[in-house]
Every structure is written in structure tokens, then in C-alpha cells.
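*Asks:* Here it is, the structure in full.
Residue numbers (our numbering): 46 to 757.
Printed below as a string of C-alpha cells:
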């Protein structure tokens, strides 16, 4: 071991020592070291600094002996320091353990005290009388569960953790296990907590049971009040009604009505028997459940039962009295009933007959009118039988009057089974007899109208069946003419003009058919089984015919203009028409894209997709997918004829301008006719390029504008 380590450790904090050691004075350093060793370490000064420095080879044994004294001195100092550290560590552990023990004792005491205070509250089973008070207790219990108990659960858990941690520390430090004060063991706390949980569970069950009981009581009390109120409302005034003697002055009909009413009341009374029994049963249950307002319930229940017995007695007495009165007037009542049974169906028959006789009818054919006339004749055949029933009903009424006069009945005899009177029956019968001939006349008028309508239908159908095919034939003739290959365009134009004249002269037939159609509509006739043509079909066909002849004539005129402008011979026109008709495979008067491609290929065109797309842009600029005959001719003449181009016109102007890129006004007037020169001067823009003189005009821009290649 190096003897300098303890010396450095010991002398390091001393500023004086540090200052001397940093000097370059060896003699001073040795003397200082010897003095400190003697003063602080009790090591005697065995060596002389001058001998060590001035002697080439100092005494090695003397130096080793002196150095060993330092070793022994520092070894003892380290042992003392180690011992002090061990003691501090032991004391620190003990202090920490004691602190944990004190905290445990404190927490355990507080928790046990809280359990001691809370358990009696949970064990209290003093029930309240009202639902509101019990609900308040339940809210207090819920507050306890939500706010008060959770922190205590945490404290209990923390207490157990602290106890286990303390015991572990004691065991690891070879200390005896911690024994809490009596009654504060973890098991004691767990036992107390278990008792708290048991009380809590029992308290919650008791609360819910009590609330259910009070809820049941409140429900029963409310149910009792509702049923009692309903019964008392129903029973109110029933004693007075049952005590009346209104049957003594009533007619038989009134007595019968009173008896039926009384029977209905008896049925109602029997139906209320169940409610009275329910009221009594609810009152009994409220007594058994110790309801706090049971005295008032019992008093009210007794009143209801007493009134119920009284109503039963009065009901029986009234029935006996009404039945005795009923038998006295039974004969007349039977006659009234017979009158009602027979008069009601007869009255309904007459009302139905009047409705049928006055019912508006909508018919469209003669057969429908004939069916209505046949039904009317059948109705007339039933009138004698109906008149016999009328006389029988009047006979019943006369019998009642005879009995009343014979037996001197004073009561006001009214038939309560029927509201129909004999006067009403007689009036309705008279009306039926008047309506029968009126109905018959209306049916005959309608029959005549239907004959007129049938004549109009046939007249319209005859004309429509001629006009419809005539229009179709003219359409076919125009189509055939436009597709013909032989003959000149002038011949086709002549033939089309003849067709146009024929069509124009046919217009009066269409006008006459329109007039007939108007008559049919005014007669409200909307169907016609004699023809499949409607006026709308004829109108559409006629308009299409006029449009087709005008369009076809225009196409021929355009073809003539094209032929003359392009110098196309008649043979070329025939070839164009033959090729077009050949590849118009669907006979639509126009070729679709595939047909047009096949036509071009047959003429020797080498078509790629780009080239074909360019050609389609020329013949079908609207991208309809169809190529008309006029577009086909324009394309073919453009491909075969010698036509001017913008480049050719520019080259011609350059000759007139002596190869200048512009032309002057005087040059135009010198080289061109006056009107054409002025036309160019007015429309030709100013030249803006290099080298232009005053009044120079741009003939290049003007030429490209002529062919639509600029915005000029």
C-alpha cells in the first residue's frame, strides 16, 4: 500500500499544508511533514531533513521504519471511521423502522376509530314512515359509498402495505418482528372491516327492502284512492235514481227503455262488484303492511261497503216494480216492434230506390245504356210487391190506433223502436212513383246520344284508316326517291316537288279529320274500337311527313349546289350515291362510324387511327357518330376536286405585290376590278411587320381569314 494516501487524505483540507506542498522547497516540505506527523499523528521525528536531502544514499531502514509508523496510524483511523459508519447505518434503520411503526399505529387507530363510529350507523334499522325520508337515507348511504368509504379503503390497503413493508425491513435487518398494540393487528383491522362490510351489506339490503315496502305502500295507497274515487264518482246519485217512480206514468216503450236501462245498470253494478272487492282487499293489505294512514283508509272503505249494500237492495226493488208495469202494455209494444222491424227495411229500400233513380250515370257505349234500361225494367216489376208491403205496414199502425181507442189507453203512445212515421213512408212512396218515369226518360235520351256517338266514332275511324296508311305510303315514296341512284338530281327534285304538291293538296282531309275529332271530344268520347289511329298519331305522322319532304328537297338542292360548285359530273354523283347506299347497311339515311370506315377502305384509303379521327372531325364535327350523305359528298368533293387554298391566294397576292410581304392600296386598285379592290381595302388589316411603308396592308392575314384560319 502507498503510505502517501492517508497523508494526502489527512492533510488535504489544510490550506497551509497545501500551500507548502506546492512549493519547490524540498527541505521545507520535509520539515513541514515531520511536524504535522508529530503533532497530529503522534509519530516522533526520527529523521533529519538535511540528512535525507544532502546524503546521496539515505538510511533505507530508518526511512522504512518511519514510514511504517504512518501506516499503523492511518490503519487505526480507518477502523474507527468504519465503526462509526456501521453505527450510523444501524441507528438509521432503527429510526426509519420506528417511524413506520408510529405511522402504522396512528393510521390503525384512526381507521379503527372510523370503523367504530360508522358501524353503529350502518346497524341502525329504524325505519321511516315516508318514501322521502327513506330516499334521504338511501342518498346518505350512497354518499358514504361514493365519498366516505373509498378513502378508507385506500387507507386500509396502505396500512397493510406499510405493515408488510415494515416486517420485511425488520426481517432483512435481523430485527424482531413488529407487534402492534393490542387490537391493532392487521387481522384485527381486517376483522373490524369485515364487520363493517357485513353491516353495510345488511344496511343496503334493509334500505332497499324498506324502500320497496314503502313504494308498495304508496302504490297501494294511490291505487286505493284511485279506485275509491272512481267508485264514489260512479255511485254518486245512484240512490236517488233507484228511488224514482218514473215508470208509473211512462208508456210501454218508455217502460221497456227503463227496464233495458235498469238491466244495463245491473250489469254495470255487477261489473263494479269486482272493484269493491279490490278496494276491500287493498285496504286489508294496507292494514297488514302497517300503513301509517290506515285509519282514514278503513273509514273510507267502510263507507263504500255500506253504500254498496244499499244500492243492491234498491236495485232489486226497482226491477220488480218496472217488470209489473211492462206486462200491462206488452201487446201495444209488440205491435210497435213489428212496425219498426218492417218499416225500417222498407224505408231503406225506398231510400235506395230514390238514390238509384236519381243517380247520375256515365256510359260510353250503347250496350251500357241497354244494360241500364234492362235494370230499370226489372226495378219497375218489383213495384207491386213493394206496394203490398207498404199497405201491410200501414195496417200495423192502424191496429195500434184501434187498440188504444178500444181500451182507453191515456199514455202518450210513441214508438221508441223507430223514428220512421207513416207520413214519412207515404211521402217517400209518392216520390219513388214520380222518379220512375223521369229515370226512364233520361235513359232513352242517353240511348239516342250513344247512337250519335257511335256514328261519330265510325266516321272518324273511316277517315283515320285511310289517312294513316296514305301518310305512311308518302313517307316510303320520299325515302325511295332520295335513295335512287339512276336519274339526275333535277329529276329527283321534280319528283319531290310533285310529292310536295300532292301533300299540300291533301291538307283538307287532315282538317276535316280534326273537325270530326273535335266533335267526338265535345261528346266526351275518348275511345274508338274501330281504328288503331288516334288524332295524336295522325298529327305526328302529318308533321313528320311535312318535315321529311322539306328536308329531302333541301338536301337535293344542296347536292345540286355542291355538284355545280365543285364541277362534279352526274356519273360521279351516281357513284357517290351507290357507295353511300351500299354501306348504309341499316338504311338510316346515314352511315355509322364502322360503315364509313369500311367505305373509305373500299375506296383505297390507308387509314390509321389518327388519320381516321381527322376525317371524322371533318364529316362529323358534332361527334354524333353518324355521317350524312351531304357530309359524305362534301368530303369526297374536297378529296377529288381542285379547290383553292389559303396558300394559293397568298402566293397570288405576293405576285401582285412584287414579292413584298405587304401590298399597297394603289396596287390593289391597279390589279383588281374596282368592287373587289375596295372589298380588299376595307377588310385587309394594316401590315405591322418589318419594312412596311405607310398604307401597307397585310394580305397574308387577310387570305388566312378567308379560309377560316384566323380570327380576322
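Backbone N, C-alpha and C define an ideal beta-carbon position, used for all residues, glycine too.
Going straight from the alpha carbon of residue 181 to that of residue 281, what length do you get?
*Replies:* Going from the Cα of residue 181 to the Cα of residue 281 covers about 41 angstroms.
*Asks:* Between the Cα of residue 390 and the Cα atoms of 288, 435 and 413, which residue gives the shortest distance?
*Replies:* Nearest option by C-alpha distance: 435.
*Asks:* Let me know if residue 445 comes out buried or exposed under the rule of 16 or more other beta-carbons within 10 Å of its beta-carbon.
*Replies:* Residue 445 is buried by the Cβ-count criterion.
*Asks:* Pull up the CB-CB distance for residue 89 and residue 149, whole angstroms please, since I reckon it's below 8 angstroms.
*Replies:* Not quite, the Cβ-Cβ distance comes to about 58 angstroms (not below 8 angstroms), so this is no contact.
*Asks:* Measure from the alpha carbon of residue 142 to the alpha carbon of each residue in 578, 223 and 498, then state which is nearest.
*Replies:* Per the Cα distances, 223.
*Asks:* Among 85, 157, 498 and 544, which one has its Cα closest to the Cα of residue 233?
*Replies:* Minimum Cα distance to residue 233 is reached at 157.
*Asks:* For residue 378, count neighbouring Cβ atoms within 10 angstroms of its own Cβ and tell me buried if that reaches 16, exposed if not.
*Replies:* It counts as buried.
*Asks:* Can you tell me whether residue 319 is buried or exposed, with buried defined as 16 or more other CB within 10 angstroms of its CB?
*Replies:* When all chains shown are included, residue 319 counts as exposed.
*Asks:* Quick check on the burial criterion: 16 or more other C-beta atoms within 10 angstroms. Buried or exposed for residue 248?
*Replies:* Classification of residue 248: buried, given that the 10 Å Cβ count is 16 or more.
*Asks:* Name the residue from 706, 698, 730 and 733 whose alpha carbon lies nearest to the alpha carbon of residue 717.
*Replies:* Of 706, 698, 730 and 733, the residue nearest in Cα terms is 698.
*Asks:* Hey, how far is the Cα of residue 66 from the Cα of residue 119?
*Replies:* Summary for residue 66: the model assigns pLDDT 48, below 50, so the residue's position carries little reliability; its value from the coordinates is reported in the next sentence. Rounded to whole angstroms, residue 66 to residue 119 spans 20 angstroms at the Cα level.
*Asks:* State buried or exposed for residue 166, treating a residue as buried only when at least 16 other CB atoms are found within 10 Å of its CB.
*Replies:* Burial call: exposed.
*Asks:* How do the region 412-421 and the region 335-344 stand: do at least 3 beta-carbon pairs fall below 8 angstroms, yes or no?
*Replies:* Touching, no.
*Asks:* Going by DSSP, what residue range makes up the beta strand (DSSP E) through residue 710?
*Replies:* Taken as a continuous stretch (DSSP letters only), residue 710 belongs to no beta strand (DSSP E), being part of the alpha helix (DSSP H) at 710-716.
*Asks:* Express the C-alpha separation of residue 498 and residue 425 in angstroms, rounding to a whole number.
*Replies:* Computed Cα separation, rounded: 28 angstroms.
*Asks:* For residue 607, which residues in the same chain have their Cβ closer than 8 angstroms to its Cβ, ignoring the five residues on either side in sequence?
*Replies:* Answer for residue 607: 613, 675, 678, 679 and 682, listed in chain order.
*Asks:* Residue 384 and residue 487 - do their beta-carbons sit closer together than 8 angstroms?
*Replies:* Cβ distance not < 8 angstroms, so residue 487 and residue 384 don't count as in contact.
*Asks:* Residues in its own chain within less than 7 angstroms of residue 307 by CB, not counting five upstream and five downstream?
*Replies:* Here the set comprises 363, 364 and 367.
*Asks:* What is the DSSP secondary structure of residue 541, counted as helix, strand or coil?
*Replies:* Reduced to three states, the DSSP call for residue 541 is helix.
*Asks:* Can you look up residue 181 in the DSSP assignment and give me helix, strand or coil?
*Replies:* Helix.
*Asks:* Looking only at DSSP bridge pairs, what is residue 731 linked to?
*Replies:* 742.
*Asks:* What do you get for residue 707, buried or exposed, if any count of 16 or more other CB atoms within 10 angstroms of its CB means buried?
*Replies:* Looking at its Cβ environment, which holds 16 or more other Cβ atoms inside 10 Å, residue 707 is buried.
*Asks:* Span of the alpha helix (DSSP H) holding residue 761?
*Replies:* This structure leaves residue 761 out entirely; the chain is present only between 46 and 757.
*Asks:* Which term fits residue 348, buried or exposed, when burial requires 16 or more other beta carbons within 10 angstroms of its beta carbon?
*Replies:* Exposed.
*Asks:* For residue 155 and residue 214, I'd like the C-alpha separation in whole angstroms.
*Replies:* Taking the straight line joining both Cα atoms gives about 24 angstroms.
*Asks:* From the DSSP output, which residues share a beta bridge with residue 671?
*Replies:* 637, per the DSSP bridge assignment.
*Asks:* For the alpha helix (DSSP H) containing residue 406, name the first residue and the last one.
*Replies:* Residue 406 -> no alpha helix (DSSP H), and no H or E assigned at all.
*Asks:* Please determine, among 376, 406 and 483, the residue with the shortest C-alpha to C-alpha distance to residue 441.
*Replies:* Per the Cα distances, 376.
*Asks:* What is the rounded straight-line gap between the Cα of residue 83 and the Cα of residue 140?
*Replies:* Rounded to whole angstroms, residue 83 to residue 140 spans 41 angstroms at the Cα level.
*Asks:* Taking the alpha-carbon positions, what's the residue 112 to residue 93 distance?
*Replies:* Each residue's alpha carbon lies about 14 angstroms from the other.
*Asks:* Note down the Cα distance separating residue 78 from residue 97, rounded to an integer number of angstroms.
*Replies:* Roughly 13 angstroms separates the two Cα atoms.
*Asks:* Going by the beta-carbon positions, is the gap between residue 501 and residue 564 smaller than 8 angstroms?
*Replies:* Yes; because the gap between Cβ atoms is below 8 angstroms, this pair is in contact.
*Asks:* By the three-class DSSP mapping on this structure, what secondary structure does residue 570 have?
*Replies:* Residue state, collapsed to three classes: coil.
*Asks:* With H, G and I counted as helix, E and B as strand and the rest as coil, what does DSSP make of residue 2?
*Replies:* There is no way to answer for residue 2, as the model of the chain reaches only from 46 to 757.
*Asks:* Who are the Cβ neighbours of residue 710 in its own chain at under 8 angstroms, not counting the five residues just before and after it?
*Replies:* 726, 740 and 742.
*Asks:* Could you round the C-beta distance between residue 321 and residue 353 to whole angstroms and report it? I think they count as a contact, below 8 angstroms.
*Replies:* Indeed they touch by this definition, with Cβ atoms about 5 angstroms apart.
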